[in-house]
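Residue numbers (our numbering): 547 to 960.
Report on one structure; see the data block that follows.
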């Protein structure tokens with residue numbers, strides 16, 4: 547991986563038998579109790595983040611904001627001091643050293659939590675997808691992958707991850723986000739996942755970022771009952787490292803993601819770790835808006851309303867579309883809508899590509915229409931002449947006022 551990419555990617559991966567957190571691109575100063583090395587903070591990103599342009603909170607918030615739903619973030623902890631996370635985070639058990647899950651020495655869990663539930667504050671362009679949700683922080687690892695490929699910090703264990711999943715269920719989480727990957731199956735984690743599924747909890751996990759390193763099966767994303775999430779960039783294309791396989795159920799924004807840094811400010815990150823929380827947040831919106839839905843129904847609906855499902859093997863059902871998930875009646879079948887993400891104004895290459903594709907489709911449609919018209923003329927006109935037909939105008943009856951069917955166009959939920 548090039549140096550720039552290594553610095554940009556945050557993910558939780560497995561080294562040997564334990565779980566590890568890769569180093570963030572930029573990190574603010576950590577609490578004094580943190581032993582892991584901390585990089586200097588980067589300049590704060592400016593402008594509206596591209597996922598916020600795609601997932602417009604002005605359309606979503608009037609429908610649902612995640613209020614009343616607890617989303618467990620099983621990760622490196624969450625720094626509850628961040629201004630956009632204050633009053634948002636509850637402390638769960640710390641499976642790493644018992645020191646507390648509201649400490650985040652590497653910033654990974656804080657970034658995940660910000661994508662899900664960052665509250666809007668003046669001067670910040672960041673807006674969590676489910677800003678009314680409550681975050682339950684559970685710390686399981688803080689092992690850091692450094693720029694040179696070495697690691698430092700404390701490694702988590704499968705037993706710790708399994709204990710965190712069970713603790714999240716017991717503390718009332720309706721959604722569990724697992725932005726972590728192990729490339730070894732674990733009986734402990736597998737049984738904990740079954741426990742959560744049996745208790746009607748939505749589980750969301752990163753699909754992993756090692757496509758170029760053999761695309762090995764990632765856990766827990768590959769377990770039954772877990773929504774495995776890949777990552778796309780602003781152009782709607784799969785990130786080069788985002789893994790592909792039957793364990794990818796959906797994809798979501800994962801490139802050039804702006805989110806919360808430790809202990810304040812913002813940072814830019816990349817990877818499937820940061821695509822998964824968009825899906826977890828969308829699940830929280832659905833659990834609020836459709837409380838009668840089971841976890842399995844929530845997962846099926848997110849898949850059925852995904853965009854661009856024919857885009858490729860690494861896309862699963864397609865690109866997450868929370869607004870469609872809330873508002874459309876699908877009958878449970880994926881809805882193919884062509885292009886996964888519309889090109890953004892701030893991405894000239896993607897916009898140019900999209901415009902070229904639009905022109906191609908337009909010209910193709912015009913060609914088909916012209917051919918059909920010529921065929922119609924060739925067949926109908928000679929027949930009309932043989933029957934004495936003459937062109938002219940036919941007086942049409944005065945149309946009646948159309949029946950008012952406006953109500954049928956709206957969601958029938960009351």
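Just so you know, even glycine gets a beta-carbon here, dropped at the ideal spot from N, CA and C.
Distance, residue j Cα to residue i Cα
i: residue 727; j: residue 668; result: 35 Å
i: residue 650; j: residue 624; result: 5 Å
i: residue 787; j: residue 755; result: 5 Å
i: residue 845; j: residue 689; result: 31 Å
i: residue 666; j: residue 629; result: 9 Å
i: residue 1010; j: residue 810; result: Past the edges of the chain, shown from 547 to 960, lies residue 1010, and the structure says nothing about it.
i: residue 648; j: residue 604; result: 30 Å
i: residue 680; j: residue 774; result: 22 Å
i: residue 781; j: residue 662; result: 22 Å
i: residue 615; j: residue 806; result: 21 Å
i: residue 703; j: residue 752; result: 17 Å
i: residue 670; j: residue 658; result: 17 Å
i: residue 664; j: residue 598; result: 12 Å
i: residue 643; j: residue 875; result: 46 Å
i: residue 621; j: residue 873; result: 31 Å
i: residue 812; j: residue 821; result: 17 Å
i: residue 793; j: residue 802; result: 24 Å
i: residue 744; j: residue 733; result: 16 Å
i: residue 720; j: residue 636; result: 14 Å
i: residue 868; j: residue 717; result: 26 Å
heavy atom of the ligand MG below 7 Å from residue i C-beta
i: residue 851; result: No copy of the ligand MG occurs in the structure displayed, which carries no ligand at all.
According to DSSP, residues forming a beta bridge with residue i
i: residue 778; result: 784, 799
i: residue 765; result: 728
i: residue 723; result: 619, 750
i: residue 773; result: 750
i: residue 643; result: DSSP lists no partner for residue 643.
i: residue 853; result: 865
i: residue 637; result: 683
i: residue 794; result: Residue 794 pairs with nothing; no bridge assigned.
i: residue 804; result: 814
Reference residue i, options the options, closest by Cα
i: residue 795; options: 862, 820, 616; result: 862
i: residue 824; options: 798, 705, 772, 793; result: 798
i: residue 602; options: 875, 684, 676; result: 676
i: residue 595; options: 674, 656, 658; result: 674
i: residue 849; options: 766, 832, 663; result: 832
i: residue 853; options: 622, 837, 839, 871; result: 871
i: residue 738; options: 757, 758, 826, 765; result: 765
i: residue 724; options: 758, 784, 701, 772; result: 772
i: residue 767; options: 745, 758, 790, 829; result: 790
i: residue 830; options: 792, 716, 618; result: 618
i: residue 742; options: 710, 860, 715; result: 715
i: residue 777; options: 866, 636, 686; result: 866
i: residue 638; options: 864, 722, 685, 747; result: 685
i: residue 712; options: 735, 591, 678, 815; result: 735
i: residue 678; options: 835, 851, 864, 653; result: 835
Residue i, enclosing alpha helix (DSSP H) - first and last residue
i: residue 868; result: 868-873
i: residue 682; result: Counting along the chain, residue 682 falls outside any alpha helix (DSSP H), though it belongs to the beta strand (DSSP E) covering 680-685.
i: residue 823; result: 822-835
i: residue 663; result: 654-663
i: residue 689; result: Residue 689 -> no alpha helix (DSSP H), and no H or E assigned at all.
i: residue 603; result: 603-606
i: residue 709; result: 704-716
i: residue 598; result: 596-600
i: residue 734; result: 733-744
Status (buried if at least 16 other CB within 10 Å, exposed otherwise) for residue i
i: residue 731; result: exposed
i: residue 593; result: exposed
i: residue 927; result: Annotation note: pLDDT 44 at residue 927 (below 50); position unreliable, coordinate value reported separately. By the 10 Å Cβ count, residue 927 comes out exposed.
i: residue 632; result: exposed
i: residue 779; result: buried
i: residue 842; result: exposed
i: residue 838; result: exposed
i: residue 613; result: exposed
i: residue 656; result: buried
i: residue 608; result: exposed
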